[in-house]
Amino acid sequence: MFEDLLTRAWIAKQNCQNPADGLTQDESASIHLYTMESIFYQRLNEALRNENRGDLIPWFAYLKLFLTALWKLPSTKQTLWRGIKTDISDQFSIGTKFVWWGVSSCTESLQILQNDQYLGKTGTRTLFNVECQNGKPIKSHSQYESENEVLLMPASYFEVVGKADAGNSLHIIHVKEIQSPVLLLKPPLAGAQVATETTGANLAIGSEGKTGHSAASVIKTWPSQLKAKFVLANKHSSHKFDPTILTPKQIQMLKTTTNFSEKEIREWHAGFLRDCPNGELSKDRFTNVYQQFYPGGKAQEFCTYAFNSFDRDNNGTIDFTEYMFAIALAQSGDLDERLALAFDMYDYNNTGTIDTAEMSKIISAMYDLIGETDRKGDRDPKHRAEEIMRICDITGDKKLTKEEFVAGCKNDPVIRRLLVPNA
Numbered sequence: 001m002f003e004d005l006l007t008r009a010w011i012a013k014q015n016c017q018n019p020a021d022g023l024t025q026d027e028s029a030s031i032h033l034y035t036m037e038s039i040f041y042q043r044l045n046e047a048l049r050n051e052n053r054g055d056l057i058p059w060f061a062y063l064k065l066f067l068t069a070l071w072k073l074p075s076t077k078q079t080l081w082r083g084i085k086t087d088i089s090d091q092f093s094i095g096t097k098f099v100w101w102g103v104s105s106c107t108e109s110l111q112i113l114q115n116d117q118y119l120g121k122t123g124t125r126t127l128f129n130v131e132c133q134n135g136k137p138i139k140s141h142s143q144y145e146s147e148n149e150v151l152l153m154p155a156s157y158f159e160v161v162g163k164a165d166a167g168n169s170l171h172i173i174h175v176k177e178i179q180s181p182v183l184l185l186k187p188p189l190a191g192a193q194v195a196t197e198t199t200g201a202n203l204a205i206g207s208e209g210k211t212g213h214s215a216a217s218v219i220k221t222w223p224s225q226l227k228a229k230f231v232l233a234n235k236h237s238s239h240k241f242d243p244t245i246l247t248p249k250q251i252q253m254l255k256t257t258t259n260f261s262e263k264e265i266r267e268w269h270a271g272f273l274r275d276c277p278n279g280e281l282s283k284d285r286f287t288n289v290y291q292q293f294y295p296g297g298k299a300q301e302f303c304t305y306a307f308n309s310f311d312r313d314n315n316g317t318i319d320f321t322e323y324m325f326a327i328a329l330a331q332s333g334d335l336d337e338r339l340a341l342a343f344d345m346y347d348y349n350n351t352g353t354i355d356t357a358e359m360s361k362i363i364s365a366m367y368d369l370i371g372e373t374d375r376k377g378d379r380d381p382k383h384r385a386e387e388i389m390r391i392c393d394i395t396g397d398k399k400l401t402k403e404e405f406v407a408g409c410k411n412d413p414v415i416r417r418l419l420v421p422n423a
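This is how it looks when you write it as structure tokens:
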């Protein structure tokens, strides 16, 4: 990806022969490399924010090392500063909640930002005042120790709590890091606990501001074997229970079927109740959560499909057990199972097939979700539905079975990207 990358990596390792914070030399060097060259971190963050997840593939090995290093660093709660040499204040209304998907560089020192290399004193500028909960101080591993740089992990979730026009083309945005309503980034260490007060983090990294196709992280997988266990568990549970109470029976069932530990389950439960004090996630709340991840689109129609795939007992709400299965399933399942889940989600009426009209509605819902407005010609939902039927309908009955849907998506990457973006 870069000329002389091996040389730069070698230099980084030479500068990190006595790493601090319990990191290995390679882990420390991965942070050092990130701070060495602007083109390196710029391209990494472009890939993290890009809706085309394929752009991340060349970065996987580095990201594993880099994120592991950051996760091992102690977290800090403090006020930080982040400067951008443009005016983006109109994107941040008070009360707006958003995700920064890239690795966000901040500093403890406001004075440093006065340097023209960063924010400067003139020109159009946006200054973020960041109340962080999980900042990662990298001074001991950075090429520029004097900058007191603190990194925010990818998929950090914030709320805008204030903003001001300070004059002289300087706009100030006050943001506060809060707990995400869904799992966004999975710890890179097997079995690791997140060193924060949040309930944890998951899955896919999406595009900044849009969370793009990965906003459906928790809806991404529902493997058949776990789904069967979930149905069985529901069948043997009482319908009359307080949804805010986590019983020993529930804990044991979830330990068996999700492989989460009791500690993890209790932490998830505490976080779930913070967002849903009555112990139930309504469809409206579910839709509102999705809308935060797709600010440029309309989530209502897509959420009609997604919500019902989670509300397995069809009572109009998602309880903690259903939520935990969604979380667990987001971390498991092969391609066939992910595609099968997508079919189950789209088969709204549980007929076992999807016809052309239903497919057209599905495509329209996906368009609404991502804010796609060009629906003419080849992009017309009906036209696309007919094309999908032509390619995938093996029997010629103008309906897709689950087997045809799975096979079609596996064989045609264009169809798969449209209907199951993260598969």
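The sequence shown begins at 1 in the UniProt record's numbering and counts up one residue at a time. For every residue, glycine included, the Cβ atom is placed at its ideal position computed from N, Cα and C.
Look at the beta carbons and you see the segment 300-316 not touching the segment 378-392: under three pairs across the two are nearer than 8 Å. Of all C-beta pairs linking the segment 148-161 to the segment 123-138, three or more are shorter than 8 Å, placing the two stretches in contact. The segment 109-127 and the segment 170-186 touch, with three or more beta-carbon pairs separated by less than 8 Å. Leaving aside the five residues that flank residue 92 on each side, the residues in its chain whose CB is nearer than 6 Å to its CB run, in chain order, 160 and 173.
By the criterion of at least three beta-carbon pairs nearer than 8 Å, the segment 8-26 is not in contact with the segment 54-61. Look at residue 259 here: in three-state DSSP terms it is coil, with no helix or strand label. Looking only at 143, 27, 113 and 140, the smallest Cα-Cα distance to residue 129 is reached by 113. Per DSSP, residue 299 is not a residue of any alpha helix (DSSP H), being assigned neither H nor E. By alpha-carbon distance to residue 29, the top candidate from 39, 43 and 68 is 68.
Annotation: the continuous alpha helix (DSSP H) that includes residue 71 extends over 60-72.
Boundaries for residue 147: no alpha helix (DSSP H) harbours it, and the DSSP string shows neither H nor E there.
Straight-line measurement puts the Cα of residue 143 at about 10 Å from the Cα of residue 149. For residue 414, the closest C-alpha among the options 265, 52 and 373 is that of 52. Per DSSP, the unbroken beta strand (DSSP E) holding residue 157 starts and ends at 156-167.
The shortest CA-to-CA distance from residue 284 to any of 268, 270, 303 and 273 is the one to 303.
For residue 276 and residue 322, the gap between their C-alpha atoms comes out near 13 Å. Residue 354 and residue 400 do touch by the CB rule: their CB atoms are close to 5 Å apart, below 8 Å. In this structure, DSSP gives residue 375 a state outside helix and strand, which the three-state scheme calls coil. For residue 356, the enclosing alpha helix (DSSP H) starts and ends at 356-370.
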